[in-house]
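Comments concern the structure below.
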Ligand SMILES: Nc1ncnc2c1ncn2[C@@H]1O[C@H](COP(=O)(O)OP(=O)(O)OP(=O)(O)O)[C@@H](O)[C@H]1O
Ligand SMILES: [Mg+2]
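Numbering (our numbering), first residue to last: 26 to 355.
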């Protein structure tokens, strides 16, 4: 059964602030624009795409950190889209988040013990000495030492701080963790260690993960399934193996061809032509058509839906949103 399921999920932000927002009063940033995403229990789902395509916004929507503009989110079969405050509280511990920069998420004024204890007590997992004991145990689980409860975050390296963030997320006994670029700020040698820790803990604690990253190498090593986002939409979804063996969508192919992904507005260095269009005024029809080498007239008028495709080499299905994809041609 799926653990997380969204239907037609949308998040529009006001475009700009102050004077600018008055100029563009009716303009909205289409950060997430009609996403149907299913994450199965026990899966590690990767979410990839260029900077600004809406990955973090989607992660924040799933955890109800942002309120959606439209659409629904189901967690473990329950519609959590409209739950608020106390109704949402039981789900808060089930769903945890890990960010790119641990410095921003670990309070520098608190000892590591207090940081973990606060999470453990807030979610009613344990209190007092029992909470401290749990904090010590979880530090051991992530490869640190129990006595580290008395130290402050700044006394640790970036990789160790990410271990503390993992310990905090784990300590409230979650089912689902969104990891938003969890290793991007770390040295490559440290990245591998943190990734293998995440994989080990995922198996040990039966976790379901959404792994947001720019790094296709990371995806290949840790994810079972991958969703590719472009300008607020998911354009392709497949098992990691199928996606890497044979990417169907022209954008996915371009992603694989490009060595480094460009920042928004910058010219790409690799296989992606032209600039990323603005999410305030996305292109008509297929959003990728302005950069697609194969676009035809239909791409300008009709936005292709994410359609389930059969594969002749495996029993698994995969989804691609492209008019050009024709199974008979392949
Ligand atoms: N709080 C906000 N207010 C207004 N616009 C926002 C807000 N958060 C995100 N956006 C805009 O929404 C779009 C998607 O942003 P998001 O951060 O989700 O992208 P991303 O794929 O995570 O990018 P990156 O890879 O750089 O982290 C961008 O155009 C961004 O500027
Ligand atoms: Mg992001």
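Virtual Cβ for every residue (Gly too), placed ideally from N, Cα, C. The model shown is predicted, which means the values in this text are computed figures rather than measured ones.
Leaving out five residues before and five after residue 26 in sequence, what residues of the same chain have Cβ atoms less than 7 Å from its Cβ? 66
Within 7 Å, strictly: CB atoms of residue 128 and residue 209: no
Coarse secondary structure for residue 263, derived from DSSP in three states: strand
Neighbouring residues (CB closer than 5 Å to any heavy atom of ligand 1): 38, 54, 56, 76, 77, 78, 79, 80, 81, 82, 304
To which residues of the same chain is residue 286 closer than 6 Å at the C-beta, ignoring the five residues directly before and after it? At residue 286 the pLDDT is 47, less than 50, meaning the model places this residue with poor confidence; the figure from the coordinates comes in the next sentence. Only 75, 239 meet the Cβ criterion.
Where the beta strand (DSSP E) through residue 181 begins and ends: Where residue 181 is concerned, there is no enclosing beta strand (DSSP E), given that its DSSP letter is neither H nor E.
Touch check for the region 184-199 and the region 136-145: three-plus C-beta pairs under 8 Å? yes
If we require 4 or more residues per run, which alpha helix (DSSP H) segments fall completely within the region 138-208? 153-166, 183-196
Does the region 55-72 come within contact of the region 242-250, defined as at least 3 CB pairs closer than 8 Å? yes
Given residue 231, which residues of its chain have a CB within under 7 Å of its CB, disregarding the five upstream and five downstream residues? 67
With 16 other CB atoms within 10 Å as the buried threshold, where does residue 293 fall? The predicted model places residue 293 with a pLDDT of 47, which falls under 50 and marks its position as unreliable, so this point remains unresolved.
Residue 262 classed as buried or exposed, judged by whether at least 16 other C-beta atoms fall within 10 angstroms: buried
Over the uninterrupted beta strand (DSSP E) stretch that includes residue 35, give me the two end residues. 27-39
Which of helix, strand or coil does DSSP assign to residue 298? coil
If you follow the beta strand (DSSP E) that residue 71 is part of, which residue opens it and which one closes it? 69-73
Taking the alpha-carbon positions, what's the residue 117 to residue 34 distance? 20 Å
Can you check DSSP and say which residues form a bridge with residue 364? Coverage of the chain is limited to positions 26 through 355, which leaves residue 364 absent and any answer about it impossible.
Counted within 10 angstroms of its Cβ, other Cβ atoms place residue 153 as buried (16 or more) or exposed: exposed
Please classify residue 285: does DSSP put it in a helix, a strand, or coil? For residue 285, the predicted structure reports a pLDDT of 48, less than 50, and the residue's modelled location is therefore unreliable. A value from the coordinates is still provided. Looking at residue 285 - three-state DSSP - the assignment turns out to be coil, as it is neither helix nor strand.
On the three-state DSSP scale, how would you describe residue 64? strand
Residue range of the unbroken alpha helix (DSSP H) whose run includes residue 244: 241-247
Using the Cβ count rule (16 or more neighbours within 10 Å means buried), how would you classify residue 298? exposed
Kindly confirm or deny that the region 204-221 and the region 171-179 touch, where touching means at least three C-beta pairs closer than 8 Å. no
When the Cα atoms are used, what is the spatial distance from residue 330 to residue 311? 9 Å
Starting from residue 121, trace the beta strand (DSSP E) both ways and give me its first and last residue. 120-123
Taking Cβ to Cβ, would you say residue 99 is nearer than 7 Å to residue 30? yes
Beta-bridge pairing of residue 252 - partner residues as DSSP gives them: 72, 262
Helix, strand or coil for residue 82 per DSSP? helix
Report, in whole angstroms, the separation of the C-beta atoms of residue 245 and residue 281, which I expect to be a contact under 8 Å. In fact, because the Cβ distance is near 11 Å, the residues do not count as touching under 8 Å.
Can residue 80 and residue 237 be called in contact, C-beta distance under 7 Å? yes
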